[in-house]
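Q:
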Amino acid sequence: MVEKNHELMIEYMHEFLDDDILPEREAELREHLKHCADCRLHFNELRKAVALVQSTSHIQAPAGFTQSVMMKLPKEKKKNGLKRLLGRHPILVAAAVFMILMTTSLVSAWNEDDQFAVTMDENIIVQDNTAIVPEGKVVKGDIVVRNGDIRIEGKVEGNVTIINGEKYMAKAGQVTGEIEEINMVFDWIWHHIKTFFKDVFSGF
Amino acid sequence: MEEIVRRRITEVLKGDHNAFSEIVELYKDKVYQLCYRMLGNSHEAEDIAQEAFIRAYVNIDRYNTSRKFSTWLYRIATNLCIDRIRKKKPDYYLDAEIAGTDGLTMYSQIAADGSQPADEVTSMELQNEIQKEISSLPEKYRSVIVLKYIEELSLNEISEILDLPLGTVKTRIHRGREALRKRLRHY
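Chains A and B are the protein sequences, given in the same order.
Quick note: the first sequence uses the working numbering, first residue 1, plus one each step.
Quick note: the second sequence uses the working numbering, first residue 1001, plus one each step.
Right, dumping it as structure tokens:
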């Protein structure tokens, strides 16, 4: 019982030293210390230990400390600025990642297929990497020609897109839609982004 | 003080490199002292204190300006000290340093505001003894004792710096104090 009480009193001593003790407990502790020499010794030893630790004089940072820190700071402020900007605006990161993925996939798509290709239509004739819309014929729908030329002598009721090629329009040739020629990698990417957004927004 | 710091941090965020030197000036002694008491030698303390400021600078964008800057800074410094303590050999403490030149610089630093050379030496010896006892505490007790009695921080701040529940901080302080009581009672 005495031993248990002693432990409790030590608990109170710590609460007291932390300024975190209930008034009635403090009164109990004070009363106990009057009668118990062991606890008194314990309490004084605790206070002495605290006083000794606190007495270690306040030391100062060595001379030139600030200069030394400033010299060691990373110099690439610009990179940090970008990192900070991206850190604060996650949507920019998403946009950047999207652009990188889109660009790389499109560039590789651009490089990979250098074979001639054209939209299938019974009224289109293919001759030596050239698609021909013969005179008097009508193609209903869009035409895409890749890695080749197109000669339009007849009529196209739709858009014509020429990727990496040239178009020849005969006098009688007629295209009701838009004609777009894409010869640069950037044009190619731009075209894709444009159609991508057209598709996205036409969805609404 | 916090207001000045907040303004300087805004300037650092805008890219004003030099505003950071004022922050270092304001906190260098506190941070150095924290590291010195945690690590027990001046060379490592300087090394880690500098590292703490460099990390604060690099990660300044992660500092939440609505909270106390010193808490955030002490947290970086304390974590670096704990990492260092865990990495180094257990017998590498103050004793090893005393004989060298670093020990001498430390002597002259501490003695700077004393008056009588004889008293200085005695108190210096005592200080070294006490530091040795602090250094021999297990790291989990050492950090709470240093933060409470050297840096004079509140239990709440300590709990935030160490990312520990308040109850754990209290228990560690109690145990740390008991350990110090046993080690320092014969002085």
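Using N, Cα and C, we set each Cβ at its ideal position, and we do this for glycine too.
Model, not experiment: these values are computed from the prediction.
Looking at C-beta atoms only, is the number of pairs between the segment 151-168 of chain A and the segment 130-139 of chain A that lie closer than 8 Å three or more?
A: Yes, since at least three Cβ pairs between the segment 151-168 of chain A and the segment 130-139 of chain A fall closer than 8 Å, the two stretches touch.
Q: Kindly give me the distance between the Cβ atoms of B:Gly1167 and B:Leu1137, rounded to whole angstroms, as I take these residues to be in contact under 8 Å.
A: So it is not a contact: roughly 20 Å between Cβ atoms.
Q: Cβ closer than 8 Å: which chain A residues qualify as neighbours of B:Val1024?
A: Phe65, Thr66, Val69, Met70
Q: Which whole-angstrom value describes the C-beta separation of B:Leu1039 and B:Arg1067, a residue pair presumed to lie in contact below a C-beta threshold of 8 Å?
A: The Cβ separation is near 26 Å, so there is no contact.
Q: Do B:Leu1184 and A:Leu52 have their beta-carbon atoms positioned less than 7 Å apart in this structure?
A: Yes, the pair counts as a contact, with Cβ atoms nearer than the cut-off.
Q: Along chain A, in chain order, which residues have C-beta atoms closer than 7 Å to that of B:Asp1029?
A: By Cβ distance, chain A contributes Gln60, Ala61.
Q: So who's on the other strand from A:Val93, going by DSSP bridges?
A: DSSP lists no partner for A:Val93.
Q: Would you check if the segment 1121-1130 of chain B and the segment 1141-1161 of chain B touch, i.e. whether three or more CB-CB distances between them fall below 8 Å?
A: no
Q: Hey, does B:Tyr1063 have any beta-carbon neighbour from chain E nearer than 7 Å?
A: Absent here is chain E; the protein component of the structure consists of chains A and B.
Q: Taking Cβ-Cβ distances shorter than 7 Å, what residues in chain A pair up with B:Ala1049?
A: Those are Ala61, listed as they occur along chain A.
Q: On the DSSP letters alone, give me the boundaries of the beta strand (DSSP E) that A:Lys167 sits inside.
A: 167-169
Q: Could you confirm whether any beta carbon from chain A is found closer than 7 Å to the beta carbon of B:Glu1097?
A: Confidence at B:Glu1097 is low in this model, with a pLDDT of 43, below 50, so its placement is unreliable and the value that follows should be read with caution. No, no contact with chain A.
Q: By the DSSP assignment, the beta strand (DSSP E) with B:Gln1033 in it spans what residues?
A: Counting along the chain, B:Gln1033 sits inside no beta strand (DSSP E); it lies in the alpha helix (DSSP H) bounded by residues 1019-1039.
Q: Under DSSP, the alpha helix (DSSP H) around B:Ala1049 begins and ends at which residues?
A: 1042-1058
Q: Use the C-beta contact count for A:Ile211: other C-beta atoms within 10 angstroms, 16 or more gives buried, fewer gives exposed.
A: Chain A is shown only over 1 to 204; residue 211 of chain A falls outside these bounds and no answer can be derived.
Q: Any contact of the segment 1011-1030 of chain B with the segment 66-73 of chain A, i.e. 3+ C-beta pairs under 8 Å?
A: yes
Q: Helix or strand or just coil, what does DSSP make of A:Thr161?
A: strand
Q: Pick out whichever of A:His192, A:Met169, A:Val156 has its Cα sitting closest to the Cα of A:Ile163.
A: A:His192
Q: Using a Cβ-Cβ cut-off of 7 Å, state whether A:Glu45 counts as contacting chain B.
A: yes
Q: Where do the ends of the beta strand (DSSP E) carrying A:Ile179 lie?
A: 179-182
Q: What are the residues that DSSP puts in a beta bridge with A:Thr130?
A: DSSP output for A:Thr130 lists A:Gln127, A:Asp149 as bridge partner(s).
Q: Using a C-beta cutoff of 7 Å, does A:Leu33 count as contacting chain B?
A: no
Q: Return helix, strand or coil for A:Ile193, following the three-state DSSP convention.
A: helix
Q: Answer with buried or exposed for A:Thr161, where buried requires no fewer than 16 other C-beta atoms within 10 angstroms of its C-beta.
A: buried
Q: What does the Cβ neighbour count give for A:Val97, buried or exposed, with the cut at 16 atoms within 10 Å?
A: exposed
Q: Could you pull the start and end residues of the alpha helix (DSSP H) that A:Lys140 belongs to?
A: Here A:Lys140 belongs to no alpha helix (DSSP H); instead the beta strand (DSSP E) covers 138-140.
Q: Roughly how many angstroms separate the alpha carbons of B:Asn1079 and B:Asp1061, rounded to a whole number?
A: 19 Å
Q: May I ask you to report which of helix, strand or coil DSSP gives B:Ile1085?
A: helix
Q: By the criterion of Cβ-Cβ separation under 7 Å, what are the contact partners of A:Leu52 in chain B?
A: Ile1130, Leu1184, Tyr1187
Q: By alpha-carbon positions, which one of B:Arg1181, B:Glu1151, B:Leu1013, B:Tyr1187 ends up nearest to B:Arg1075?
A: Here the closest residue by C-alpha is B:Glu1151.
Q: Whole angstroms are fine: how far does the CA of A:His89 sit from the CA of A:Asn147?
A: 41 Å
Q: DSSP state of A:Ile21, grouped into three classes?
A: Shown here, A:Ile21 sits in coil according to DSSP, grouped into three states, outside any helix or strand.
Q: For B:Glu1157, would you say it is in contact with chain A, using Cβ-to-Cβ distances shorter than 7 Å as the test?
A: no
Q: Interface residues of chain B around A:Leu73 at Cβ under 9 Å?
A: His1017, Phe1020, Phe1053, Ile1054, Tyr1057, Val1058
Q: So, B:Lys1140 versus B:Ile1173, is the Cβ gap smaller than 7 Å?
A: no
Q: Examine chain A for any beta-carbon lying closer than 7 Å to the beta-carbon of B:Glu1002, and answer yes or no.
A: Judged by the 7 Å Cβ criterion, B:Glu1002 is not in contact with chain A.
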